[in-house]
DNA sequence: CTAATTTATGAAAACGTTTTCAGCTAACTA
DNA sequence: TAGTTAGCTGAAAACGTTTTCATAAATTAG
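Protein chains in written order, with full-length UniProt numbering: chain F, 1 to 348; chain L, 1 to 348.
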């Protein structure tokens, strides 16, 4: 109601004065420093809440060279999987008193590079990144690594050696499950519409696909294997190519749900019966897969679990010895699960 | 590559030393203070880029009591409309050198209150909020207003007087367009499945609906007007209630796309032909409306435009005289547009 | 030509914390 | 008993800016 501008009151000095202690002790009490008497600590805590004290992050950050801010770079927040992941990351970081700066690369490598600059200049305490599919050179993340700032890659991670932590779904397993599911549903001629092999995601999925096919002694038709950006348009083109031939697939393992949706639409237009003549699986369990007709079998990636694990690992890294390694040597693998729907003829 | 941790180098003092000037002058030059010689300014700028200088936000924030951080509270990022809005806000704020802290209320009033606490403690320079539908008491935003921190509400805004800025779509117009479209398509018995009247959104839409009906001398059946939370379940219940009677609607104006989708599903199950026997419109132009069969006519709300305007207005407020009002007295209205699809029998 | 003003710069204090160093008491050790 | 150690606290410096105050140089007014 008041017109004038009020100041944020109550600093550490106010608590000090109220308790006839020095600001140093207050600071120690608030930061759980071991050398502070239990009685003093509780006194300080009480007075702090009584005065409504809030730590001034600018001041503490200036002194301690910590921002208590984490940077996040993702392709775009509107993708279902990422929206879920960041929601969880956001909430969990909050509990630990960290803020999150979310930046979108729009799936552009240039933008991604720029954002690393900005976030480095913002002096984030750590960086979480899901790279673009085109990112094959990761040197723009070097500055963080060199500086000793933890970097966590998830979903789309660098291949080979890199002094960072990796958290990813079990893409091999997901592909293996999906392919086996198609085979169990009776498919013999299975196509794989996948993403660029520059990305670890699609390397692993290709391997999972091949493994399942081999195990059932099914041959893989190279003309039915696509490695390209997983857009709606590319999916249509792939479908067209495959279905203008004499022999056509009876199963399609699509590496994302957009592609699966495009396949369904194509089948509808051409009068190809799904799931009778053609069975389709997607990947990611986007909510759209449940509402389209027929609904689409897909692979659940547990985005919330991914988010939770990211924060858990991050907190470990941030509290580790100052001179310890700021990354995990072993990648963290999140399990996946197949959700069966109409497009493969099973379940509702 | 290096193992050791590097410090962020180059402060304002390094520039000062390199140019044999005082830090005060450097600071002034960097902040475009009028009293600094043109030659000096360019020298400073040059040296700053040469040394790769980056302002330390903690330090400048501590001194100037500005965080260059904006808080954002929304129900959830995974809602299409909000995802688009925040993407734009994020990008535009970036250009002005501001960071954004995104917080999700999960559509819970309690959470929303908590988040205002956190963001107030974070000392954000301004707050942007899309409230929950249940928020009818807005007093948890008072602390910002009292403190002189600009508050911008969008989408779901407080009704009545409040010392904040409002940015919203033209809900009256959207409802008017949708209803008129149904009427033009031949509907005589139109139902309105809407949200709680506590929210300005649904008050305005109710008015737009009534206006269009009146203008065409169509009577409104009170049993076909619903004001309830717009969930999938509630939509089904509403449909059931209406379609177990003898006389049933031939048009449904649904106030969000989830409701429209539920209506389509219900019609499919009951063998009600859409659009022949029943025409349906949604609201928000969620991408799902385009892929479902039949595709759904909906109202485009131009989320990017909303985001852009929010940042424009915010920048005005932040650069205004320190003692000026920190809000616009007139609400900013964003236009809407009807996108015609199969569910009303027009277009593809 | 002197006095007043404008332009341009520097010295130093301030912002609110954290942390090093030192010191003091109480509790061990030998 | 004296010497060491552990537990607790305070004084003061530091973090990198911004800003007030003072002052010098350059310009304008009279």
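In this text, a Cβ means the ideal position worked out from N, Cα and C, and glycines have one as well.
Are there 16 or more other CB atoms within 10 angstroms of the CB of residue i, so buried, or fewer, so exposed?
i                     : result
residue 110 (chain F) : exposed
residue 199 (chain F) : buried
residue 150 (chain L) : buried
residue 60 (chain L)  : buried
residue 123 (chain F) : buried
residue 2 (chain F)   : Any reading at residue 2 (chain F) needs caution, since the residue's pLDDT is 36, under 50, leaving its predicted position unreliable; the model's value is listed next. Exposed, because fewer than 16 other Cβ atoms sit within 10 Å of the Cβ of residue 2 (chain F).
residue 156 (chain F) : buried
residue 31 (chain L)  : exposed
residue 247 (chain L) : exposed
residue 169 (chain L) : buried
residue 288 (chain L) : buried
residue 276 (chain L) : exposed
residue 161 (chain F) : exposed
residue 96 (chain F)  : exposed
residue 120 (chain L) : buried
residue 77 (chain F)  : buried
Quick one: Cα of residue i to Cα of residue j, how far?
i                     : j                     : result
residue 14 (chain F)  : residue 47 (chain F)  : 9 Å
residue 313 (chain F) : residue 104 (chain L) : 23 Å
residue 4 (chain L)   : residue 127 (chain F) : For residue 4 (chain L), the predicted structure reports a pLDDT of 41, less than 50, and the residue's modelled location is therefore unreliable. A value from the coordinates is still provided. So the alpha carbons of these two residues sit roughly 18 Å apart.
residue 175 (chain F) : residue 296 (chain F) : 15 Å
residue 416 (chain L) : residue 188 (chain F) : Limits of chain L in this structure are 1 at one end and 348 at the other, which puts residue 416 (chain L) out of reach.
residue 29 (chain F)  : residue 53 (chain F)  : 13 Å
residue 348 (chain L) : residue 341 (chain L) : Below a pLDDT of 50, predicted positions are generally treated as unreliable, and residue 348 (chain L), at 43, falls in that range; the measurement from the model is reported next regardless. For residue 348 (chain L) and residue 341 (chain L), the distance between alpha carbons rounds to 6 Å.
residue 194 (chain F) : residue 68 (chain L)  : 42 Å
residue 219 (chain L) : residue 213 (chain L) : 7 Å
residue 306 (chain L) : residue 238 (chain L) : 31 Å
residue 299 (chain L) : residue 315 (chain L) : 29 Å
residue 117 (chain L) : residue 91 (chain F)  : 15 Å
residue 208 (chain L) : residue 177 (chain L) : 8 Å
residue 89 (chain L)  : residue 141 (chain F) : 25 Å
residue 206 (chain F) : residue 171 (chain L) : 48 Å
residue 267 (chain F) : residue 274 (chain F) : 7 Å
residue 16 (chain F)  : residue 163 (chain F) : 44 Å
residue 264 (chain L) : residue 330 (chain L) : 39 Å
residue 192 (chain F) : residue 145 (chain L) : 57 Å
residue 100 (chain L) : residue 87 (chain L)  : 11 Å
With DSSP collapsed to three states, give me the class of residue i.
i                     : result
residue 374 (chain L) : Examination of residue 374 (chain L) is not possible in this model, given that chain L is present from 1 through 348 alone.
residue 81 (chain L)  : helix
residue 104 (chain F) : strand
residue 99 (chain L)  : strand
residue 168 (chain F) : strand
residue 345 (chain L) : coil
residue 184 (chain F) : helix
residue 30 (chain L)  : helix
residue 61 (chain L)  : helix
residue 141 (chain L) : helix
residue 333 (chain F) : strand
residue 218 (chain L) : coil
residue 206 (chain F) : helix
residue 16 (chain L)  : helix
residue 126 (chain L) : strand
residue 272 (chain L) : coil
residue 338 (chain F) : strand
For the beta strand (DSSP E) containing residue i, list its first residue and its last residue.
i                     : result
residue 192 (chain F) : 190 to 194
residue 298 (chain F) : 298 to 300
residue 254 (chain F) : 251 to 254
residue 70 (chain F)  : 69 to 74
If I follow the unbroken alpha helix (DSSP H) through residue i, where does it start and stop?
i                     : result
residue 154 (chain L) : No alpha helix (DSSP H) holds residue 154 (chain L); the beta strand (DSSP E) holding it covers 151 to 154.
residue 279 (chain F) : Unbroken run through residue 279 (chain F) is the beta strand (DSSP E), 279 to 281; no alpha helix (DSSP H).
residue 121 (chain L) : 109 to 121
residue 304 (chain L) : 303 to 319
residue 326 (chain L) : Neither: residue 326 (chain L) is in no alpha helix (DSSP H) and is coded neither H nor E.
residue 39 (chain F)  : 38 to 51
residue 291 (chain L) : 288 to 291
Going residue by residue through the stretch 222 to 251 of chain F, where are the continuous beta strand (DSSP E) segments of at least 3 residues, counting only ones entirely within it? 225 to 227
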